[in-house]
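Start counting the sequence shown at 12; every next residue gets the next number (the numbering used here). Yeah, the Cβ is synthetic: ideal placement off N, Cα and C, and Gly gets one too. Reading through the structure tokens given below for one structure.
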Amino acid sequence: MPDSLESQPQFPRPEDCICEGRQDHPIIDTRNSYSFWGWLGVLTGISIRPRKVTYWCTRCNIAIGESQDQKALNRYL
Ligand SMILES: [Zn+2]
12 MPDSLESQPQ FPRPEDCICE GRQDHPIIDT RNSYSFWGWL GVLTGISIRP
62 RKVTYWCTRC NIAIGESQDQ KALNRYL
């Protein structure tokens, strides 16, 4: 049995990268994930809050983390 019900995926920490795994580092890009209706909204120019945002290191080309926090997602409208 896992200790926690939360099933947050673990992301590798890029220790040899200048981003140091920091989600607010300038080289970190964000990629929004939308539901089907979310994409429809995006395509029609409506601001839809993404379902999930992935923090992507543009140097390592790997995902270093993701957030489904509502407050965080509101920044990526
Ligand atoms: Zn990196």
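Check: residue i C-beta below 8 Å from any heavy atom of ligand 1
{"i": "R42", "result": "no"}
{"i": "R70", "result": "yes"}
{"i": "I38", "result": "yes"}
{"i": "I57", "result": "no"}
Chain-order list of residues whose beta-carbon lies under 6 Å from that of residue i (same chain, five-residue window excluded)
{"i": "R42", "result": "T65 and W67"}
Which residues DSSP lists as bridging residue i, in chain order
{"i": "Y45", "result": "The partner list for Y45 (beta bridge, DSSP) is empty, contrary to what the question assumes."}
{"i": "D40", "result": "W67"}
{"i": "E77", "result": "T65"}
Spatial neighbours of residue i in its chain, beta-carbon cut-off 8 Å, leaving aside the 5 residues before and after
{"i": "G52", "result": "Y45, S58 and I59"}
{"i": "I39", "result": "C30, R33, Y66, W67, C68, T69 and I75"}
{"i": "K63", "result": "N43, S44, E77, S78, Q79 and L84"}
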